[in-house]
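With my numbering applied, the sequence shown corresponds to residues 20 to 243, in that order.
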Amino acid sequence: MSGLTELYDRLTDRLRSAGDWIAPLGLRLLLAHEFYKAGVMKAGTEGVPGWFAGKGFPLPFDWFPASANWTMVTWTEILAGIALALGLFTRFFAFSLVVVTTIAIVSTHWPESWDSLGQLWQGYSVSRVVEEGEFRGNFRIPMLFLVMLLPLVFMGGGKLSLDHLLVKLGGRADLVHARSDDLLALTLALLIPGIVLLYLIPLWGIVLLLGALATAVLYRVRKD
């Protein structure tokens with residue numbers, strides 16, 4: 020049994036090492052293709068489409084005119100698509116796309132009201148779901164993109180990326196495997212999904228953000 024356990028441990032260790040090269044690459048290339056294509060299509064559109072101009076965007080994006088939001092979304096998708104393909108500033112651009120995707124879900128794909136999680140789940144669909152004349156959502160595709168972006172935010176672009184090359188050239192190779200497993204790490208683990216959920220399910224978002232604040236304060240207290 021100990022021999023099998025040792026074999027399993029060696030295998031999983033190598034798989035983790037291989038995953039540093041391979042796992043983020045597939046996510047990066049697929050997401051790069053989808054967002055770059057979407058951005059180029061927007062760039063080729065003359066003016067701001069009526070369907071976009073009529074959207075009700077959440078704070079703080081409702082402060083800006085539709086033309087400004089259209090331009091921001093267009094160039095974020097194009098630049099982020101290129102950056103993800105190259106693995107350059109992966110975390111920054113992945114988080115930028117998390118913001119864009121979250122706003123898209125809220126303004127276009129999320130139901131205006133729902134009475135239960137079961138009813139909300141009806142909107143996990145590619146096509147628009149309408150029940151008794153009420154729009155129930157069609158957030159399946161953007162939600163999948165959102166979940167695919169989060170590993171890139173937390174883990175970065177992997178070893179097959181310009182980010183990794185820049186770290187190596189900068190003499191910071193020790194950071195590749197370094198981990199700070201502390202309360203600040205937990206703070207970030209709560210903060211990022213908390214920001215997303217604040218727009219989608221506000222109560223859940225507030226709970227996570229309060230948890231992030233509590234862990235940050237606790238970290239500060241322990242440090243002092």
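We treat Cβ as the ideally placed atom computed from N, Cα and C, and that holds for glycine.
These numbers were taken from a predicted model, which means no experiment stands behind them.
- When C-beta atoms of the segment 171-186 are compared with those of the segment 97-117, three or more pairs fall below 8 Å, so the two segments count as touching.
- Between Thr121 and Leu165 the beta-carbon gap is near 7 Å, inside 8 Å, which marks them as a contact.
- Ranked by Cα distance from Arg47, the first of Val59, Leu171, Gly224, Ala235 is Leu171.
- Taking 8 Å as the upper bound for CB-CB distance, Ala123 and Pro161 are in contact here, some 6 Å apart.
- Straight through space, the alpha carbons of Leu107 and Asp182 are spaced by roughly 5 Å.
- For a cut-off of 8 Å, the C-beta gap from Val67 to Trp89 is around 5 Å, short enough to register as a contact.
- When DSSP states are grouped into helix, strand and coil, Glu96 belongs to the helix group.
- By alpha-carbon distance to Phe154, the top candidate from Ser135, Thr127, Pro221 is Thr127.
- Excluding the 5 residues flanking it on each side, Ala42 has same chain C-beta neighbours closer than 7 Å at Gly177, in chain order.
- In the structure shown, Arg147 adopts coil according to DSSP, grouped into three states.
- By the neighbour-count criterion, in which 16 or more other beta carbons inside 10 Å mark a residue as buried, Pro212 falls on the buried side.
- Between the alpha carbons of Ile220 and Thr206 lies a distance of about 19 Å.
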